[in-house]
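Notes for the one structure printed next.
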Amino acid sequence: MLGATPIQSEHVIIVGAGPCGLAAALALQQLNLHPLIIESRNIVHSISQYPVYMRFFSTPELLEIGGIPFTTSGDKPTRQEALAYYRTVMLRHNIRMNAYETVTQVEREAGGTFLVHSTERSGITNLYRCDRVVVATGYFDHPNTLGIPGEELDKVSHFFREAHPYTRMKVAIIGGSNSAIDAALELERVGAEVTVIYRGEGYASGIKPWVLPLFESLVNKGRIRMLFRSRVVHIEPASVTIENEEGEEKLPNDFVLALTGFHPDREFLTGIGVTLEEDGSPTFNESTMETNVPGVYLAGVVASRKQANEVFIETGRYHGQWIANHIAIQMEEKPAR
Ligand SMILES: Cc1cc2nc3c(=O)[nH]c(=O)nc-3n(C[C@H](O)[C@H](O)[C@H](O)COP(=O)(O)OP(=O)(O)OC[C@H]3O[C@@H](n4cnc5c(N)ncnc54)[C@H](O)[C@@H]3O)c2cc1C
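Here the sequence shown stands for residues 187 to 523, where the numbers follow the working numbering.
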């Protein structure tokens with residue numbers, strides 16, 4: 187039932203204003219399509235939620251979109267610098283964006299168009315009819331959960347923002363990625379008692395090479411406890427239970443940071459009719475980013491296959507241009523309305 191909600195007409199709707207959604211908008215602007223981004227929070231929301239004092243591992247030119255220069259004071263951008271860059275790009279290039287509006291459903295219509303349903307923060311619902319949809323919803327809203335008892339306790343978080351609240355606290359970090367290593371270093375600096383629990387045999391190959399020696403030296407000095415081949419099996423209000431080849435160990439604990447990565451929301455895609463491959467990844471053409479549903483494209487991390495970290499800004503920023511190239515060919519054949 188459409189009720190009395192008026193329908194707004196658009197050529198292209200982009201769902202998500204992350205770096206890859208913005209890059210897609212810039213590429214589509216070149217075709218004079220004036221795409222509309224609908225973003226459930228605000229521009230580059232995921233980056234705004236990253237650890238407050240984080241520095242990207244990429245150099246700034248590898249994070250640039252639309253060929254717009256990104257220069258920073260140090261060799262790697264800070265979170266603040268990236269926020270300022272993407273925000274300025276959006277403002278200066280007049281990218282159309284509705285913030286704090288969540289796309290709840292994309293419906294296919296008989297003639298090949300789409301009805302995009304959304305809800306604003308106030309609860310107002312909107313309807314848009316468009317020719318094409320670019321899904322650029324990322325993964326940050328969907329942390330990988332552990333599925334163990336106690337995960338629902340208040341002291342457990344899947345996100346790390348800053349170390350200060352953990353001073354003198356006993357903190358268990360679950361995971362062995364850059365996020366886990368960076369958080370452990372920050373926590374150690376503020377006087378937290380840190381144990382890193384990781385199921386891997388040794389340090390992951392992707393750990394930033396300039397960070398690892400510092401981390402290892404703190405482990406060797408006994409200032410951070412690093413447990414390999416170990417997993418947390420139970421989280422209790424004042425402890426965590428760890429299991430490894432030596433058996434089970436209960437550690438006194440105040441907080442748990444489960445930094446175990448993220449995964450894209452596949453249900454949103456299947457709801458539009460996008461099929462999933464055997465490994466659970468969406469079906470799409472890697473040259474055009476078009477899915478099996480004609481007119482529905484993927485941009486950014488949402489297009490990653492099994493490993494969510496195979497697409498990142500450095501690589502996902504090109505998706506928008508491939509999408510624009512594909513649409514340009516179609517427009518030559520059949521000009522836009
Ligand atoms: C700590 C950390 C450090 C990183 N460092 C680097 C680095 O140095 N270099 C690099 O290249 N990559 C890095 N990455 C990865 C990079 O940040 C991500 O790959 C990037 O954010 C992906 O961009 P995206 O546009 O695909 O998705 P996102 O940035 O996640 O954007 C998706 C947007 O979609 C919105 N959204 C979701 N669902 C809806 C909906 N239904 N309706 C409307 N809006 C919706 C979200 O609010 C969000 O704003 C890092 C990641 C982390 C976690």
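Even glycine gets a Cβ: it sits at the ideal position worked out from N, Cα and C.
Are the beta-carbon atoms belonging to residue i and residue j less than 8 angstroms from one another?
{"i": "Val201", "j": "Gly324", "result": "no"}
{"i": "Ser232", "j": "Gly252", "result": "no"}
{"i": "Leu398", "j": "Tyr389", "result": "yes"}
{"i": "Gly447", "j": "Asp317", "result": "no"}
{"i": "Arg307", "j": "Ile223", "result": "no"}
{"i": "Leu249", "j": "Phe243", "result": "no"}
{"i": "Leu413", "j": "Asn430", "result": "yes"}
{"i": "Ile360", "j": "Val418", "result": "yes"}
{"i": "Val321", "j": "Leu404", "result": "no"}
{"i": "Pro246", "j": "Thr258", "result": "yes"}
{"i": "Gly506", "j": "Ala268", "result": "no"}
{"i": "Leu219", "j": "His197", "result": "yes"}
{"i": "Ile560", "j": "Val479", "result": "Nothing about residue 560 can be reported from this structure: the residues present for the chain run from 187 to 523 only."}
{"i": "Ala444", "j": "Phe401", "result": "no"}
Quick check on the DSSP output: the beta strand (DSSP E) that includes residue i runs from which residue to which?
{"i": "Thr381", "result": "379 to 383"}
{"i": "Phe300", "result": "300 to 306"}
{"i": "Val397", "result": "Element bounds for Val397: n/a, residue is neither H nor E."}
{"i": "Met412", "result": "410 to 413"}
{"i": "Arg294", "result": "287 to 294"}
{"i": "Asn284", "result": "282 to 284"}
{"i": "Ala420", "result": "Note that residue 420 corresponds to His in the displayed sequence, not to Ala. 417 to 422 is the span of the beta strand (DSSP E), which, as asked, contains His420."}
{"i": "Ile223", "result": "222 to 224"}
{"i": "Leu249", "result": "Segment: none, Leu249 is in no beta strand (DSSP E) and carries neither H nor E."}
For residue i, is the beta carbon positioned less than 7 angstroms from some heavy atom of ligand 1?
{"i": "Tyr325", "result": "yes"}
{"i": "Leu525", "result": "What the structure shows of the chain is the stretch from 187 to 523, and residue 525 is not part of that stretch, so it cannot be assessed."}
{"i": "Gly408", "result": "no"}
{"i": "Gly288", "result": "Note on identity: in this sequence residue 288 is Thr, with Gly being the wrong assignment. Answer for Thr288: yes, Cβ within range of ligand 1."}
{"i": "Cys206", "result": "yes"}
{"i": "Leu249", "result": "yes"}
{"i": "Gly470", "result": "Rather than Gly, the amino acid found at residue 470 in this sequence is Phe. No, ligand 1 has no heavy atom inside 7 angstroms of this Cβ."}
{"i": "His328", "result": "no"}
{"i": "Gly433", "result": "no"}
{"i": "Val302", "result": "no"}
{"i": "Ala203", "result": "yes"}
{"i": "Val488", "result": "yes"}
{"i": "Phe130", "result": "Because residue 130 is not part of the residues shown, which for the chain are 187 to 523, the question remains open."}
{"i": "Glu422", "result": "no"}
{"i": "Pro395", "result": "no"}
{"i": "Ala322", "result": "yes"}
{"i": "Tyr236", "result": "yes"}
{"i": "Arg491", "result": "no"}
{"i": "Val230", "result": "yes"}
{"i": "Glu402", "result": "no"}
{"i": "Phe256", "result": "no"}
{"i": "Gly377", "result": "no"}
{"i": "Gly252", "result": "no"}
{"i": "Phe454", "result": "yes"}
{"i": "Phe498", "result": "yes"}
{"i": "Glu348", "result": "no"}
{"i": "Ser365", "result": "yes"}
{"i": "Glu372", "result": "no"}
{"i": "Glu582", "result": "Beyond the ends of the chain as shown, which are 187 and 523, falls residue 582; an answer cannot be given."}
{"i": "Met240", "result": "yes"}
{"i": "Ser244", "result": "yes"}
{"i": "Ile233", "result": "yes"}
{"i": "Gly361", "result": "no"}
{"i": "Gly502", "result": "yes"}
If you count every other CB in all the chains shown that lies within 10 Å of the CB of residue i, and 16 or more means buried, which is it?
{"i": "Ile229", "result": "buried"}
{"i": "Asp340", "result": "exposed"}
{"i": "Ser473", "result": "exposed"}
{"i": "Glu225", "result": "buried"}
{"i": "Arg503", "result": "buried"}
{"i": "Trp508", "result": "buried"}
{"i": "Thr477", "result": "buried"}
{"i": "Glu287", "result": "buried"}
{"i": "Glu295", "result": "exposed"}
{"i": "Asp261", "result": "exposed"}
{"i": "Thr331", "result": "exposed"}
If I follow the unbroken alpha helix (DSSP H) through residue i, where does it start and stop?
{"i": "Thr274", "result": "265 to 278"}
{"i": "Gln184", "result": "Lying before the first or after the last residue shown, residue 184 is absent from the chain, which here runs from 187 to 523."}
{"i": "Met355", "result": "Where Met355 is concerned, there is no enclosing alpha helix (DSSP H), given that its DSSP letter is neither H nor E."}
{"i": "Arg375", "result": "364 to 375"}
{"i": "Ser234", "result": "231 to 234"}
{"i": "Thr257", "result": "Careful: Thr257 lies outside any alpha helix (DSSP H) and carries neither H nor E."}
{"i": "Glu432", "result": "Segment: none, Glu432 is in no alpha helix (DSSP H) and carries neither H nor E."}
Is residue i close to ligand 3? I mean its beta-carbon at under 7 angstroms from any heavy atom of the ligand.
{"i": "Tyr272", "result": "Of the ligands this structure carries, namely ligand 1, none is ligand 3."}
Determine, for residue i, whether the minimum Cβ-Cβ distance to residues of chain D falls below 8 angstroms.
{"i": "Cys316", "result": "You won't find chain D in this structure, because it holds only one protein chain."}
#### Entry: Complete alpha helix (DSSP H) runs within the region 313 to 345 (minimum length 4 residues, chain order)
none
### Query
Unbroken alpha helix (DSSP H) runs of length 4 or more, entirely within the region 437 to 470: which are they?
452 to 458
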